[in-house]
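Chemist: Basically the numbering used here = 1-based index in the sequence shown + 118. Yeah, the Cβ is synthetic: ideal placement off N, Cα and C, and Gly gets one too. Keep in mind the model is a prediction, meaning the values are calculated, not measured.
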Amino acid sequence: MTTWEVLALVGGGLTAGAVNAIAGGGSLIVFPLLVGLGLPGVVANVSNALAVAPGYAASAAGSRPDLVGQGRRILTILPTIVAGTLCGSAILLVTPQEVFDLVVPFLLLAAALMMALQTRLRVLAGHPRDNSPRRQTGLLQLAVFGCGVYGGYFNAAMGVLLIAFLSLVLDEPLRRISALKNVFSAVVGTTTVLIYSVFGPVDWVVVAVLAPATIVGGYLGARVARRLPGDVLRWTIVVFATVVALVMLVT
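Take a look at the structure:
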């Protein structure tokens, strides 16, 4: 690995960690970078998942003030998101990647649209505070399971999908939802590390360079996200997801 390749990986890791903490979707920076450096698609996907996982944990640590009072909610949902991640990881390891890659841009556009039209969708679906506790719990479990499957399979922009769905289900400020997203992303990252380390074709040199950079970027990004007003954070997510989806559609 050349010096320029190492610098590119460090820069990509710092950026991806920060983007994951603020908006989600940092994997869409690292994955194309790894493919551009010559890694096969599945190797790049698996190595990317392992490399960004420590950054998710750092983002969760940086979001601790906004996690106060959410401990019970997190414990209730952890088994569901682990189960979804295991399903997604199994699908990745036994099926071709091409079909899902074709779907990813449309999932991103749907997530961006959900964030942009959040207020109107709440009118149609009912504001979260109007949901009964039982209905809210069911919707939350369904949302995190689906995002877990997505994260276990492709991972890229899982944070965008999580924020989009959680915003419709939970009556919480966006910064608290973003903090919850960071915890769920860390759980997905930990689960994929355990699975891919044993069964996946990992490039460990790439992971060793990327992982420390994503930790630093994730922690700093989480602190930035806490200072952004709700509307600024929401439209940052919308713009980022839309741009990435359009780039993926073109390429």
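1) Inspect the beta-carbon positions of V140 and G339 and report whether they are closer than 8 Å.
2) What residue ranges within the stretch 143–213 form continuous beta strand (DSSP E) runs of no fewer than 3 residues, ordered along the chain?
3) Between the stretch 213–228 and the stretch 320–332, are three or more C-beta pairs nearer than 8 Å?
4) I need the straight-line Cα distance from L196 to I209, nearest angstrom please.
5) DSSP state of E290, grouped into three classes?
6) Let me make sure I understand the geometry here. Which of V342, A297 and L235 has the alpha-carbon closest to that of G189?
7) Looking at the secondary structure, which residues open and close the alpha helix (DSSP H) in which G129 lies?
8) Taking C-beta to C-beta, are P183 and I333 nearer than 8 Å?
9) Going by the beta-carbon positions, is the gap between G371 and G335 smaller than 8 Å?
10) Does DSSP put P319 in a helix, a strand or coil?
11) Using only alpha-carbon positions, find the residue among L125, V306, F317 and M119 that is nearest to G277.
Modeler: Put simply:
1) It should be noted that the sequence gives Ile, not Val, for residue 140. Yes; because the gap between Cβ atoms is below 8 Å, this pair is in contact.
2) No beta strand (DSSP E) of 3 residues or more sits fully in the stretch 143–213.
3) No, the stretch 213–228 is not in contact with the stretch 320–332.
4) So the alpha carbons of these two residues sit roughly 20 Å apart.
5) Coil, per DSSP.
6) Looking from the CA of G189, the closest CA among V342, A297 and L235 belongs to A297.
7) Following the DSSP letters along the chain, one finds G129 inside the alpha helix (DSSP H) bounded by residues T121 to I140.
8) No, these two residues do not count as a Cβ contact at 8 Å.
9) With the chain covering only 119 through 369, there is no way to say anything about residue 371.
10) Residue state for P319 is assigned as coil, using DSSP reduced to three classes.
11) That would be V306, whose Cα lies nearest to the Cα of G277.
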